[in-house]
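To keep things clear, I will list the structure first and then write my remarks on it.
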Amino acid sequence: MRKMLVTALLLTLPALVNAGRLIRIPMNTDSDFTLVRDMGYEVTAGSRRDGWVDVMVNQRFVDETLARYPEAKLLPLEWSELLPVSETDSRNEMGYYYGPNENAAFWATLAAGSDMVDTPTSYGTSFQGRDLYFVRITNAPAGAPAILFTSLTHAREPGGNSVLIDWAQWLTTEYGSDTMATFILNNAQIYIVPIVNPDGYEYNNPNGGNQRKNMNYTVPVASSGIDLNRNYSFMWGYDDSGSSPDPYSETYRGESALSESETLAETQWIDSIQPLGGFHYHTYGGLLLYPYGYNNSPTPHQSTFQGWAAQMTELNGYEYGRCGEILYDVNGDAVDWSYGASTHSPMLFYTPEVDDAGFWGSQNDTTAIVTNNAECRYMNKLLCMNLLSMAGIGEETSAQFDGAAFGITLQSNPVSAVLGYTVTGASSASVSILDVAGRVVAAPSDGSWVIPENMQNGVYFIRAESGNKAATERFTVLR
Numbered sequence: 011m012r013k014m015l016v017t018a019l020l021l022t023l024p025a026l027v028n029a030g031r032l033i034r035i036p037m038n039t040d041s042d043f044t045l046v047r048d049m050g051y052e053v054t055a056g057s058r059r060d061g062w063v064d065v066m067v068n069q070r071f072v073d074e075t076l077a078r079y080p081e082a083k084l085l086p087l088e089w090s091e092l093l094p095v096s097e098t099d100s101r102n103e104m105g106y107y108y109g110p111n112e113n114a115a116f117w118a119t120l121a122a123g124s125d126m127v128d129t130p131t132s133y134g135t136s137f138q139g140r141d142l143y144f145v146r147i148t149n150a151p152a153g154a155p156a157i158l159f160t161s162l163t164h165a166r167e168p169g170g171n172s173v174l175i176d177w178a179q180w181l182t183t184e185y186g187s188d189t190m191a192t193f194i195l196n197n198a199q200i201y202i203v204p205i206v207n208p209d210g211y212e213y214n215n216p217n218g219g220n221q222r223k224n225m226n227y228t229v230p231v232a233s234s235g236i237d238l239n240r241n242y243s244f245m246w247g248y249d250d251s252g253s254s255p256d257p258y259s260e261t262y263r264g265e266s267a268l269s270e271s272e273t274l275a276e277t278q279w280i281d282s283i284q285p286l287g288g289f290h291y292h293t294y295g296g297l298l299l300y301p302y303g304y305n306n307s308p309t310p311h312q313s314t315f316q317g318w319a320a321q322m323t324e325l326n327g328y329e330y331g332r333c334g335e336i337l338y339d340v341n342g343d344a345v346d347w348s349y350g351a352s353t354h355s356p357m358l359f360y361t362p363e364v365d366d367a368g369f370w371g372s373q374n375d376t377t378a379i380v381t382n383n384a385e386c387r388y389m390n391k392l393l394c395m396n397l398l399s400m401a402g403i404g405e406e407t408s409a410q411f412d413g414a415a416f417g418i419t420l421q422s423n424p425v426s427a428v429l430g431y432t433v434t435g436a437s438s439a440s441v442s443i444l445d446v447a448g449r450v451v452a453a454p455s456d457g458s459w460v461i462p463e464n465m466q467n468g469v470y471f472i473r474a475e476s477g478n479k480a481a482t483e484r485f486t487v488l489r
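Following this note's numbering, the residues of the sequence shown are numbered contiguously, the last one being 489.
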């Protein structure tokens, strides 16, 4: 019976592939989660912490699935399907998300209006011959470290693309007035790949929005293609649970590692710019994932990944951890490749799973998109500050008063247990420790501060003030 269900769920006609619906099934134990996967359902999101898993089910089998799981909930149609936009509608070609043409226009316009934004530049071509392009935003000197943001590796996940459009707008608009935007662009080269999978994204309109993979059809059904996020070379095909050898599966990894023009061109280009790290954006579920995904094992940078994640998710409440801790093991994905591939030093990348309303749930809701963008903008800022601090790029401020320089110097940076500091240019000064959001977290004295055991890894500031004098130094807590 189970084999028949799996076959029926996967081997469907093209017209029915885009007629899928999302169903949320309560999960009480790990065995419940495993059973759902073993039944052949396509798991799209989930949370062991919160006890739920979403599955994509062909419309023909919705009633059967709801009967099998009486407590399950049928999620709104717009979560799984891109609804048509009429010619008189004021929305974009993909609802309130930016479609392929609107992306091209946005990035070209942004570059034309700012000397800090390079014209979109091709790094290769897709399976169907479309340009794969990146945009660089910087006011830093040549040789400044790179930080990379990507989206739409999976073609039905436009929420990450909205985040990157907002991120680019914030950086360029706030430069010169916001100290963090100014610092980031003065010290880093921000690279953005808005659409990793342009063929699949183009196909999704007007074809219902359910195409996940690229358009390299290995079998003649509309759900075919290669899952680009199972095609990267590090631990490709490690097992058949974290990726699939079946061309009909939504996690089909392809015939060989980097078999696809999209992943091959992207990895060669990434190796050429050697970013410190970044975000590979996906949707959905409200998660922040880090390596290793292929076997759910910690990397040597586990404490850094975990500490930064705790800091970055403080406002949005995203669940964070390795993919196997939260969902399931994944092999051949971009985050594991970014950290573990032998062609470069470890790059500190995460996968944010944006939003909690399916793939297209915010297509009619600008308020939700704005909220998601703001939550992720906060993570983007903190990640950049953390990466630059780890690379040894700091910002020291001092002031000259009455012929004496007022400043604060640190005995070491990064620090793990005790922060030692010296204030010069004043007989007495008040000292405070601030997080990157500007909130005071401590007020040390006597030239040292014992870092609390529960303090997360990340970037912080120490500020000294005496009368009208002030100086700030940035440091990193790293255990």
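Glycine residues also receive a C-beta, built at the ideal position from the N, C-alpha and C atoms.
Item, Value
"Cut-off 8 Å between Cβ atoms - residues of its own chain near Ser41, not counting five sequence neighbours on either side", "none"
"Terminal residues of the alpha helix (DSSP H) in which Trp279 lies", "271 to 283"
"Residue span of the beta strand (DSSP E) that contains Trp246, given as start and end", "Run containing Trp246: none; DSSP gives neither H nor E here."
"Length of the line joining the Cα atoms of Gln439 and Met395", "Here residue 439 turns out to be Ala, not Gln, going by the sequence shown. If you take the alpha carbons of Ala439 and Met395, they lie about 27 Å apart."
"Rounded C-alpha distance that separates Gly468 from Ser458", "19 Å"
"Nearest neighbour of Ala481, chosen from Phe471, Leu488, Val487 [CA to CA]", "Phe471"
"Continuous alpha helix (DSSP H) assignments of at least 4 residues falling wholly in the segment 268 to 356", "271 to 283, 312 to 322, 333 to 336, 344 to 350"
"Contacting residues, own chain, Cβ-Cβ under 7 Å from Asp256 (five flanking each side not counted)", "Tyr262"
"Cutoff 8 Å; reference Gly350; Cβ partners in own chain excluding five residues on either side", "Phe244, Met245, Pro301, Tyr302, Thr309, Pro356"
"Euclidean distance between Cα positions of Ile35 and Glu81", "7 Å"
"Three-way DSSP call (helix, strand, coil) for Pro204 in this model", "coil"
"Rounded separation between Arg140 and Pro285 - CA only", "25 Å"
"Buried or exposed by the 16-neighbour rule on C-beta atoms within 10 Å, applied to Lys391", "buried"
"Beta-bridge pairing of Gly56 - partner residues as DSSP gives them", "Val63"
"Same chain only: Cβ atoms within 6 Å of Pro130, ignoring 5 sequence neighbours per side", "Trp117, Tyr143, Val145"
"Option nearest Met495 by Cα separation, candidates Gln316, Tyr330, Met389", "For residue 495 there is no data in the structure shown, the boundaries of the chain being 11 and 489."
"One or two residues paired with Glu475 in a DSSP bridge", "Ser440, Ala480"
"Lys479 classed as buried or exposed, judged by whether at least 16 other C-beta atoms fall within 10 angstroms", "buried"
"Rounded C-alpha distance that separates Val446 from Thr486", "11 Å"
"Residue ranges of each alpha helix (DSSP H) within the segment 372 to 406, 4 or longer", "376 to 400"
"Arg146 - partner residues in DSSP beta bridges", "Tyr201"
"The segment 198 to 212 / the segment 170 to 189 touching (three or more Cβ pairs under 8 Å)", "yes"
"For Val450, the first and last residue of its enclosing beta strand (DSSP E)", "450 to 452"
"Nearest candidate by alpha-carbon position, reference Ala150, set Gly371, Asn196, Thr381", "Asn196"
"Tyr330 vs Ser161 beta-carbon contact at 9 Å", "no"
"Between the CA atoms of Gly247 and Glu265 - distance to the nearest angstrom", "10 Å"
"Distance CB(Leu337)-CB(Val53) smaller than 9 Å", "yes"
"Cβ shell of Glu406 (< 6 Å), same chain only, five flanking positions each side left out", "In this prediction, Glu406 scores a pLDDT of 45, lower than 50, which makes its location untrustworthy; no coordinate-derived value is stated."
"Simplified DSSP assignment, three categories, for Tyr470", "strand"
"Alpha carbon of Ser313 to alpha carbon of Ile157, nearest angstrom", "20 Å"
"C-beta atoms of Ala275 and Thr135 nearer than 9 Å", "yes"
"Whether Gly288 touches Tyr360 by CB criterion (9 Å)", "yes"
"Distance, Arg449 Cα to Asp188 Cα", "16 Å"
"Nearest residue (CA-CA) to Arg47, options Ser259, Asn374, Asp60, Val72", "Ser259"
"Pair within 9 Å by beta-carbon distance, Glu363 and Tyr294", "yes"
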